[in-house]
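Sequence lines, in order, name chains A and B.
Numbering-wise, my numbering puts 116 at position 28 of the first sequence, and it's gapless, one number per residue.
Numbering-wise, my numbering puts 356 at position 268 of the second sequence, and it's gapless, one number per residue.
Even for Gly, the Cβ is constructed at its ideal location relative to N, Cα and C.
Number of protein chains: 2
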Amino acid sequence: MNDADDDLLENTRSEPGEVGLVEPRDFIATGSFTFDNGQSIPGFTLRYETYGHLNAARDNAILICHALSGDHHCAGIHSLGDKKTGWWNNLIGPGKAVDTNQFFVLCANVIGGCQGSSGPSSADPRTGQSYGITFPAVTIRDMVRTQKLWLDSLGVKSLYAVIGGSMGGMQVLQWGIEYPSFVKRMLAMATTAREGAQAIAFNEVGRQAIIQDPEWNNGHYPKSGGPRVGLAIARMMAHITYLSDTSMDRKFGRKAVAAHHKPAPATDVSELSMEGVDPVAPATSFNVQFEVESYLRYQGQSFINRFDANSYLYITRALDQFDLASAHGSLETAFAKVEAVTLVVGFTSDWLFPPEQNRAIAISLLRAGKRVSYAELSTDLGHDSFLLESPQLYDLVRGFLN
Amino acid sequence: MNDADDDLLENTRSEPGEVGLVEPRDFIATGSFTFDNGQSIPGFTLRYETYGHLNAARDNAILICHALSGDHHCAGIHSLGDKKTGWWNNLIGPGKAVDTNQFFVLCANVIGGCQGSSGPSSADPRTGQSYGITFPAVTIRDMVRTQKLWLDSLGVKSLYAVIGGSMGGMQVLQWGIEYPSFVKRMLAMATTAREGAQAIAFNEVGRQAIIQDPEWNNGHYPKSGGPRVGLAIARMMAHITYLSDTSMDRKFGRKAVAAHHKPAPATDVSELSMEGVDPVAPATSFNVQFEVESYLRYQGQSFINRFDANSYLYITRALDQFDLASAHGSLETAFAKVEAVTLVVGFTSDWLFPPEQNRAIAISLLRAGKRVSYAELSTDLGHDSFLLESPQLYDLVRGFLN
Chain A
89 MNDADDDLLE NTRSEPGEVG LVEPRDFIAT GSFTFDNGQS IPGFTLRYET
139 YGHLNAARDN AILICHALSG DHHCAGIHSL GDKKTGWWNN LIGPGKAVDT
189 NQFFVLCANV IGGCQGSSGP SSADPRTGQS YGITFPAVTI RDMVRTQKLW
239 LDSLGVKSLY AVIGGSMGGM QVLQWGIEYP SFVKRMLAMA TTAREGAQAI
289 AFNEVGRQAI IQDPEWNNGH YPKSGGPRVG LAIARMMAHI TYLSDTSMDR
339 KFGRKAVAAH HKPAPATDVS ELSMEGVDPV APATSFNVQF EVESYLRYQG
389 QSFINRFDAN SYLYITRALD QFDLASAHGS LETAFAKVEA VTLVVGFTSD
439 WLFPPEQNRA IAISLLRAGK RVSYAELSTD LGHDSFLLES PQLYDLVRGF
489 LN
Chain B
89 MNDADDDLLE NTRSEPGEVG LVEPRDFIAT GSFTFDNGQS IPGFTLRYET
139 YGHLNAARDN AILICHALSG DHHCAGIHSL GDKKTGWWNN LIGPGKAVDT
189 NQFFVLCANV IGGCQGSSGP SSADPRTGQS YGITFPAVTI RDMVRTQKLW
239 LDSLGVKSLY AVIGGSMGGM QVLQWGIEYP SFVKRMLAMA TTAREGAQAI
289 AFNEVGRQAI IQDPEWNNGH YPKSGGPRVG LAIARMMAHI TYLSDTSMDR
339 KFGRKAVAAH HKPAPATDVS ELSMEGVDPV APATSFNVQF EVESYLRYQG
389 QSFINRFDAN SYLYITRALD QFDLASAHGS LETAFAKVEA VTLVVGFTSD
439 WLFPPEQNRA IAISLLRAGK RVSYAELSTD LGHDSFLLES PQLYDLVRGF
489 LN
């Protein structure tokens, strides 16, 4: 899409608005839930947000599925003056690509997560203690099945669309397979029907960083503690895989940090402080020297303040074990019962879930005789492209939904 | 090069032989050495090996420069029955591409290393204690300048060639710049004149894994201990960057390990054992599930038994700080005094030091008016391609040297 087209479209659009203040709510399932691995828990909670209104026909609901480190807060703000909007606020809102004037948009923190939904850091009602690693192993299908119970409780009769990127895209595909008549449209971006060895390998190194951290203690740690160092290392490494070589070079290149630069806010990151090093060997400091180092340390440090290490282990396992072809014999067979119309979007610079893997989903849906489009967007922003400002993506989403 | 050419060449070659038994020796410099950062040490050792014989004219010497985790042992075996040959044994030997019948081949462990050359794990003669992080910061230029003192001591009057891949390639370029009349040929592979932000980022995560390991203890640890967990994590992650997505998929794909698989030898890797986990949560094991995980754990574990964590910090810093353009104003200026004939070899699947970065070296040498060739080999084996069996590479090297 060229600039002229953009200008033309801009003139016909009303200025998009903001979702504004939102409040998370909890869906509390009181019945026992049995996971794919056969283990059960006596009940569970999904924390969620909604934007817009369910129409009388109850058929205008759009479910947003989040990625590994995301949560239910995908649009709006939590308080007046809150500067941090939901993670997909650029896509979701009145007049935006996912138009909350038209659609009832919902998003829940996945089961196994740590932002209010039941997961390893939740208390096991049978013991009063945190589940830790006694929480049952979670699969993408478990995420989807718990979401279905929640949507049923809200009276949603069908999904106008399910939308997600990365692990969110895996859930999208699982939704279309698991509840074919419930799902009218699937929109999966920057995703895969199964990870390759390299993606598994990066997840495994992250898990090892956590598990080998003595503070992990077999998954038993206080909420304020735990394997913070290991989790930060895992996040720093994973973060590199979300970007591209080109975008990192453009953003940081080999820029050195200023001499008195503080790598990150000092609050609550004592175990990542390097202060002990400098006096020992002023000329051999391993303190931050390049801006990209400072950026990564900040990413690691901010992550440990919002994410549970056990959840990271559980969710990366869910990612690695997701394999539609293996679960159904082939990808075409997996998609045999799908009724939804599908749009798959790959991003050229995504080397974590590369375009080929997105294209393979579309091709298998085609082979299974389904209605599917595939779009490949030229970006140099890597895997995270689906989260970033992109008029091309907005137009694709808008066009697909209308 | 096609198979027919290969066959033709084979017929004219004698069967390559083996270097056979070799014994490392030490060059001990008793004078003070001042590093690029201005700090000095009262003397230093370089451990090295040689293969073949220096001729009467003393002009048939070929220096091999090793990469981050390599050492001086690049060919032959250390004892009869030794199954592990030197790391470039496929390239170096009687009748091989680097022909020890014709050339006097030398390789030394870099200064800052841990395989016998002076580095952080060596004793500081002034204190009797290990240097730890009081060892001066090391640069690629320091590596080259210490190697020059060693070659001078052996009576080598000029280098017929300097050959190296990855960090070895950086030393090759620095040799040609630092000692232009001494170096007749430069052969640099899978290298860069400066790393991009992504490569720095991966190194930084590895350093953080080490530094944040409580056992690092500001660089003071016993030889048998130290930040073994952090070093293993660093190595596992780095190892992914040495391979390619394609080669990992071919080698491991999503293959699961056998139920009773032991991820790695049990000797001396107690801190990486997962045995404590299984009984706690049989259904949520984070034990190895995919072959690629088992492979990576083995890579991490074997590395900690042979490499010093402080050396890893020092050498990755040397890699990150190497920047010929910045040191000389531009890459063309850096190469202005080079007298050597140069061959640069890039590998298509190398995403750590990608072909563009290798090509940029050749282009700058050309712009500086130097004699240079650039070859790009199509491989799908990633950065490590330069180390692996490749008749194409052997023919390139042979052709360049003769």
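Can you tell me where the alpha helix (DSSP H) holding residue 257 of chain A begins and where it ends?
It spans 255 to 266 - the alpha helix (DSSP H) in which residue 257 of chain A sits, taken as one unbroken run.
Assuming residue 185 of chain B and residue 194 of chain B form a contact by the criterion Cβ under 8 Å, report the distance between their Cβ atoms to the nearest whole angstrom.
Not quite, the Cβ-Cβ distance comes to about 16 Å (not below 8 Å), so this is no contact.
Take residue 257 of chain A and list the residues in its own chain whose beta-carbon comes closer than 7 Å to its own, dropping the five residues that flank it on each side.
Once the five neighbours on either side are set aside, the close Cβ partners of residue 257 of chain A are 276, 277, 278, 279.
Is the beta carbon of residue 141 of chain B less than 8 Å from the beta carbon of residue 192 of chain B?
Cβ distance < 8 Å, so residue 141 of chain B and residue 192 of chain B count as in contact.
How far does the alpha helix (DSSP H) with residue 420 of chain B in it extend, from its first residue to its last?
419 to 422 is the extent of the alpha helix (DSSP H) around residue 420 of chain B.
From residue 92 of chain B to residue 438 of chain B, what distance separates their C-alpha atoms?
For residue 92 of chain B, the predicted model reports a pLDDT of 39, less than 50, meaning its position is unreliable; a value from the coordinates is still stated below. Taking the straight line from one Cα to the other gives about 27 Å.
Around the C-beta of residue 484 of chain A, are 16 or more other C-beta atoms found within 10 angstroms, so that it is buried, or is it exposed?
With 16 or more other Cβ atoms within 10 Å, it is buried.
Assign residue 245 of chain A to buried or exposed, taking buried as 16 or more other Cβ atoms, counted over all protein chains shown, within 10 Å of its Cβ.
By the 10 Å Cβ count, residue 245 of chain A comes out exposed.
Give a yes or no on whether the minimum CB-CB distance between residue 295 of chain B and chain A is below 8 Å.
For residue 295 of chain B, the answer is yes, since a Cβ of chain A falls inside 8 Å of its Cβ.
With a threshold of 8 Å between beta carbons, is residue 419 of chain B in contact with chain A?
For residue 419 of chain B, the answer is no, since every Cβ of chain A falls outside 8 Å of its Cβ.
For residue 104 of chain B, name the three-state secondary structure that DSSP assigns.
Three-state DSSP puts residue 104 of chain B in coil, outside helix and strand.
Do the region 384 to 403 of chain B and the region 260 to 270 of chain B meet, that is, are 3 or more Cβ pairs less than 8 Å apart?
The answer is no - the region 260 to 270 of chain B does not touch the region 384 to 403 of chain B, with fewer than three Cβ pairs under 8 Å.
Is there contact between the region 135 to 155 of chain B and the region 117 to 126 of chain B, where contact requires at least three CB pairs shorter than 8 Å?
Judged by Cβ distances under 8 Å, the region 135 to 155 of chain B makes no contact with the region 117 to 126 of chain B, as fewer than three pairs qualify.
Could you name the residues of the same chain whose beta carbon sits closer than 8 Å to that of residue 346 of chain B, not counting the 5 residues immediately before and after it, in chain order?
Excluding residues within five positions, none has a Cβ falling inside 8 Å.
If the cut-off is 9 Å on Cβ atoms, which residues from the region 177 to 210 of chain A count as contacting chain B, listed in chain order?
So the list reads 208, given in the order they occur along the chain.
Which chain A residues sit within Cβ distance under 8 Å of residue 111 of chain B?
None at all; the shortest Cβ gap to chain A is about 33 Å.
Is residue 419 of chain B closer than 8 Å to residue 452 of chain B when the C-beta atoms are compared?
The answer is yes: Cβ separation under 8 Å.
Can you check which of these residues, A:458, A:429, A:479, is closest to residue 467 of chain A by C-alpha distance?
Nearest of A:458, A:429, A:479 to residue 467 of chain A, Cα basis: A:479.
Does DSSP classify residue 488 of chain B as helix, strand or coil?
DSSP places residue 488 of chain B in helix when its eight states are reduced to three.
If we cut at 8 Å on Cβ distances, does residue 468 of chain A have a partner in chain B?
So no, residue 468 of chain A is outside the interface.
Ordered along the chain, which non-local residues of its own chain (more than five positions away) have a Cβ less than 6 Å from that of residue 314 of chain B?
Result list for residue 314 of chain B: 303, 397, in chain order.
Quick one: what's got a C-beta closer than 6 Å to residue 459 of chain A's C-beta in the same chain, skipping five residues either side?
For residue 459 of chain A, where only same-chain residues beyond five positions count, the Cβ hits under 6 Å are 429.
From the beta carbon of residue 341 of chain B, is the nearest beta carbon of chain A less than 8 Å away?
For residue 341 of chain B, the answer is yes, since a Cβ of chain A falls inside 8 Å of its Cβ.
What residues in the region 372 to 392 of chain A bring their beta carbon closer than 9 Å to a beta carbon of chain B?
Correct list: 372, 373, 374, 376, 377, 378, 379, 380, 381, 383, 384, 385, 388.
Is the beta carbon of residue 402 of chain A sitting closer than 8 Å to the one on residue 174 of chain A?
No, Cβ-Cβ distance for residue 402 of chain A and residue 174 of chain A is not below 8 Å.
Could you tell me the distance, in whole angstroms, from the CA atom of residue 134 of chain B to the CA atom of residue 197 of chain B?
So the alpha carbons of these two residues sit roughly 6 Å apart.
For residue 230 of chain A, return the contacting residues in chain B, with the cut-off set at a CB-CB distance below 8 Å.
Within 8 Å Cβ-Cβ: nothing; residue 230 of chain A doesn't reach chain B, min ~12 Å.
For residue 282 of chain B and chain A, any beta-carbon pair shorter than 8 Å?
It does: the Cβ of residue 282 of chain B has a partner Cβ on chain A nearer than 8 Å.
For the candidate residues A:254, A:323, A:230, whose alpha-carbon lies nearest to that of residue 391 of chain A?
Nearest C-alpha to residue 391 of chain A: A:323.
Helix, strand or coil for residue 333 of chain A per DSSP?
Here residue 333 of chain A sits in helix by DSSP.
Strictly below 9 Å CB to CB, what residues from chain A border residue 290 of chain B?
Within 9 Å Cβ-Cβ: 325, 328.
So which residues of chain B does residue 336 of chain A contact, with C-beta pairs closer than 8 Å?
By Cβ distance, chain B contributes 284, 285, 286, 289.
Note down, in chain order, each residue of its chain lying with its Cβ closer than 6 Å to the Cβ of residue 474 of chain A, except the 5 sequence neighbours on either side.
Once the five neighbours on either side are set aside, the close Cβ partners of residue 474 of chain A are 253, 277, 278.
From residue 309 of chain B to residue 288 of chain B, what does the alpha carbon distance come to, in whole angstroms?
About 26 Å.
Excluding sequence positions up to five away, which residues of its chain have a Cβ less than 6 Å from the Cβ of residue 237 of chain A?
So the qualifying residues of the chain are 117.
Looking only at C-alpha atoms, which of A:156, A:456, A:464 sits nearest to residue 447 of chain A?
Nearest C-alpha to residue 447 of chain A: A:464.
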